[in-house]
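Below is one structure, written out as structure tokens; the observations come after it.
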Amino acid sequence: MAAPSTASATAITGVDLIGAIVPDIKAAVAFYRDTLGLVPTSPTDGNGAEFTMNDGITFGLWQPDEAMPGHYSVMFRVADARKAVDELRARGAEFMDVMESPVCYMGLGNDPDGNRVIVHERKTPDDEPVPQHPRSATSVNGADLYGFFVSDVQRSLAYYRDVLGLTPTEIDEQARGVEFTLADGSTFGFWRLPEGGKTSGGFTMFAVADAKAKVEELRAKGVQIADPMETPVCFMAFTDDPFGNTAIVHQRK
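At position 61 of the sequence shown (counting the first as 1) the number is 65 in our numbering, and the numbers step up by one without a gap.
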């Protein structure tokens with residue numbers, strides 16, 4: 005079989021994982037598993053945990069052995085991580101040398117606001133079966149959108165479009181945010197920081213069938229979460245996990 009072309013080897017075709025570095029893995033697992041209702045697909049008694057949802061997107065948590073600032077990250081899928089890092093560096097991006105794990109190759113970098121961006125090459129085939137979890141009005145069935153809050157939308161657009169090579173599929177008319185729907189059907193986006201918001205950080209829109217019912221369920225568990233707000237295309241309610249990462253309950257219309 006011929007080697008993939010440079011374009012196909014370095015193109016971002018989807019997202020393999022979204023997640024957060026946390027200072028207390030047990031507290032993080034308790035929130036996402038026991039409170040939000042995600043079903044673990046990896047052991048939760050070590051330094052990390054992963055939750056692969058019904059749409060195939062994996063949300064992950066990791067507590068490093070050495071103390072480090074918490075941050076949110078997205079693993080963008082490529083066919084060849086080393087070639088992708090070389091190409092990104094040629095465009096002016098700062099990426100670490102590719103590291104190898106038992107299951108993948110990763111190149112770590114940051115966007116202009118310091119949000120962690122990871123170029124990720126799987127060692128295993130992309131067509132592994134996706135676990136299917138029971139569905140209900142309040143079950144989390146996937147991630148409708150994931151991304152970062154940014155301080156300068158135009159600067160971030162230049163980075164994700166011109167450096168990473170993502171093609172915008174929606175640009176807000178008031179220049180508040182941009183979305184990119186990738187080849188695997190997942191959507192990555194960034195949104196201008198709300199007034200008084202954090203200097204940077206990530207968010208995940210967790211998909212549910214009934215946002216109002218999910219909010220009531222979470223409040224019964226002691227979670228502080230805003231009332232669902234309505235947009236022309238969805239209902240969404242904002243809350244934070246124990247470490248300030250934004251989790252959004254999201255119901256599509």
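Even for Gly, the Cβ is constructed at its ideal location relative to N, Cα and C.
The structure displayed is predicted, hence computed values, not measured ones.
- Going by C-alpha positions, residue 112 is about 9 Å away from residue 103.
- Per the Cβ contact rule, the region 154-165 is not in contact with the region 210-229 (fewer than 3 Cβ pairs under 8 Å).
- By the beta-carbon neighbour count (other beta carbons within 10 angstroms, threshold 16), residue 136 is exposed.
- If you compare the alpha carbons of 170, 169, 22 with that of residue 249, the shortest gap goes to 22.
- Just so you know, the alpha carbons of residue 246 and residue 32 end up roughly 7 Å apart.
- Fully contained in the region 125-170 are the following alpha helix (DSSP H) runs of length 4 or more, in chain order: 157-161.
- Residue 17 and residue 233 have their C-alpha atoms some 32 Å from each other.
- For residue 51, the number of other beta carbons within 10 angstroms of its own is below 16, and it is reported as exposed.
- Per DSSP, the continuous alpha helix (DSSP H) segment holding residue 14 begins and ends at 10-14.
- Secondary structure note for residue 40: it is in no alpha helix (DSSP H), with a DSSP letter that is neither H nor E.
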